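Have a look at the structure below, then the notes.
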Amino acid sequence: MHEETDWPRVRFERLQAELTALGEIGRDEKRGLYRMAFTDADMEARDWLCERIREAGLLDSRDGAANVSARLTPPDDRPALLIGSHIDTVPNAGIFDGSLGVLIGLECLRRIAEEKIETRWPVELISFSDEEGRFGGMFGSQAVAGMLNPEIIHNARDLDGVTLTEAMAGHGLVAMDALNARRDPRAIAAYLELHIEQGPVLDAKGVPIGVVENITGLFKWSARLIGTPNHAGTTPMEMRHDPFAGLAEFTGEIPRILEENGSDLARATIGRVELLPGAANTIPGEVTFSLDVSDTDPEKLEELHDAFRRTLSVIARRRTLMFDFEILSRIEPVRCDPRVVEAVEKGSARLGIGSLRMPSGAAHDAQILAQLAPMGMVFVPSIGGVSHSPAEWTSWQDIEHGANVVLQTVIELANNPDFATQPTRAGLTTS
Ligand code: CO
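According to the working numbering, the residues represented by the sequence shown are 24 to 454, in order.
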């Protein structure tokens with residue numbers, strides 16, 4: 024493959040130095056790397072990013088949700104190819120979660136500028152605010168997707184009771200301005216995000232690139248079975264209405280329900296159980312439990328929901344128990360756009376880098392952007408599948424591979440005339 028060397032490549036040492044530098048912002052001995060959204064460290068990281076953008080001769084901007092953007096040219100009436108991720112972190116984080124996608128995006132923009140690569144659609148880097156959830160998560164991408172309203176913004180607060188409004192005001196920002204960050208879907212050609220896998224698959228298989236095909240959806244229940252509490256010694260076995268025995272039977276049905284109603288990627292977990300009254304010599308009267316079910320196929324997820332409800336109902340009836348459940352959350356699975364999936368695969372193949380199609384088991388800003396535009400994701404291996412921890416790591420070699428694949432993909436997507444099928448209207452909404 025002699026022509027391999029003709030493809031543009033990232034300047035890896037520069038990218039590596041920036042990843043290392045950003046990984047120091049917000050680090051201290053007590054808390055490790057700590058850059059929760061709208062803390063001083065997070066704002067320092069945004070300023071640092073804007074400096075890098077300007078240093079590269081690119082245009083930096085921030086919208087009403089404080090999302091940071093970089094472009095080669097000012098917005099015009101063409102739809103832009105968006106590429107990004109987030110630079111906020113969980114407490115005691117690793118240095119790559121989110122930051123890797125943002126800094127690789129910046130490096131791609133720089134290479135396009137340096138090599139004077141012509142693209143049909145302008146490319147924009149975007150770093151989304153509060154992906155990790157100090158105030159609920161996906162704040163910046165939801166703002167762009169127009170999913171926020173004044174009530175959501177007003178009510179958003181962190182675990183210490185600090186409101187989003189207060190946290191943003193502390194940095195001279197007005198939280199309600201996030202409503203202005205909304206964009207017209209016609210102004211976005213497509214969205215691409217590189218992220219660490221946060222799972223063990225790529226590392227275990229020794230494949231450097233994950234081509235994400237779909238992002239998992241889920242539902243979470245808080246459910247209850249109610250029976251009759253009674254004396255453990257005097258109540259005959261056949262006269263009991265024991266809700267824990269009902270739950271045990273229900274738990275035993277999980278593999279069958281997944282096989283019959285879910286896809287190969289279906290998962291179900293009961294992670295919390297509470298028995299009342301909770302005494303060793305008393306038959307429990309009530310059991311409260313969580314049920315967390317995920318699948319990548321929307322219809323299968325719906326079928327799973329019905330199957331779990333039916334099974335619980337049958338068990339309750341046979342054992343003379345009552346049951347109820349509350350749906351705590353529900354997130355729809357999304358499919359990545361096949362054109363983006365193919366572009367990532369083609370880019371990897373062109374560079375002779377192995378790739379594997381796979382689902383994403385974790386939620387990402389890309390899931391929100393999928394509501395606006397064709398979306399795709401690239402994964403790089405997480406050693407041992409570890410993330411949200413200082414032990415999170417991806418080899419520099421894999422990072423270089425990932426960055427080069429993203430550069431290939433960006434150039435390909437930014438020249439794909441297909442994405443013009445969305446009629447474009449006067450550019451981006453104001454910020
Ligand atoms: Co992340």
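Glycine residues also receive a C-beta, built at the ideal position from the N, C-alpha and C atoms.
In this text the structure is predicted, and so the values were computed from the model without any measurement.
Less than 8 Å between the C-beta atoms of residue i and residue j, yes or no?
i	j	result
residue 305	residue 367	no
residue 426	residue 38	yes
residue 321	residue 266	no
residue 155	residue 64	no
residue 365	residue 330	no
residue 43	residue 219	no
residue 388	residue 245	no
residue 40	residue 80	no
residue 437	residue 96	no
residue 71	residue 102	no
residue 117	residue 383	no
residue 235	residue 442	no
residue 206	residue 395	yes
residue 213	residue 374	no
residue 391	residue 199	no
residue 226	residue 404	yes
residue 336	residue 346	yes
residue 294	residue 216	no
Where does residue i fall in DSSP's three states?
i	result
residue 260	helix
residue 188	helix
residue 280	helix
residue 4	For residue 4 there is no data in the structure shown, the boundaries of the chain being 24 and 454.
residue 310	strand
residue 432	helix
residue 24	Reliability fails at residue 24, whose pLDDT of 43 lies under 50, so the model's placement of it is uncertain and the value that follows must be treated cautiously. In this structure, residue 24 counts as coil in the three-state DSSP scheme.
residue 66	helix
residue 329	helix
residue 157	coil
residue 84	strand
residue 182	coil
residue 411	coil
residue 92	strand
residue 126	helix
residue 376	coil
residue 150	strand
residue 110	coil
residue 205	coil
residue 232	strand
residue 36	helix
residue 416	coil
Could you please give me the residues that DSSP links to residue i through a beta bridge?
i	result
residue 211	103
residue 382	237
residue 199	None; residue 199 has no bridge partner.
residue 253	306
residue 292	315
residue 218	402
residue 247	311 and 347
residue 56	50 and 116
residue 352	243
residue 358	237
residue 297	311
Leaving out five residues on either side along the sequence, give the residues of the same chain with a beta carbon under 6 Å from the beta carbon of residue i.
i	result
residue 448	Because residue 448 carries a pLDDT of 40, less than 50, the predicted location of this residue cannot be relied on, and no value is offered for it.
residue 11	No information on residue 11 is available, as it lies outside the stretch 24 to 454 that the chain covers here.
residue 289	281 and 318
residue 340	none
residue 408	222 and 223
residue 358	237
residue 90	149, 151, 152 and 163
residue 128	106, 107 and 148
residue 21	There is simply no residue 21 to check, as the chain begins at 24 and stops at 454 in what is shown.
residue 292	315
residue 13	Shown here, the chain extends from 24 to 454; a query on residue 13 therefore has no answer.
residue 190	61
Got a sec? Which residues, its chain only, sit under 8 Å from residue i by beta carbon, not counting five neighbours each side?
i	result
residue 286	318, 319, 320 and 323
residue 376	231, 232, 424, 427 and 428
residue 372	378
residue 140	31, 134 and 434
For residue i, which residues in the same chain have their Cβ closer than 7 Å to its Cβ, ignoring the five residues on either side in sequence?
i	result
residue 439	362
residue 171	165, 201 and 202
residue 204	86, 87, 88, 90, 166, 167 and 454
residue 276	334
residue 355	240 and 321
residue 196	89
residue 68	45, 48, 49, 58 and 110
residue 211	102, 103, 105, 395 and 396
residue 264	250, 251, 342, 343 and 344
Which residues are close to the ligand CO, meaning CB closer than 7 Å to any heavy atom, in chain order? 108, 109, 120, 121, 154, 155, 218 and 387
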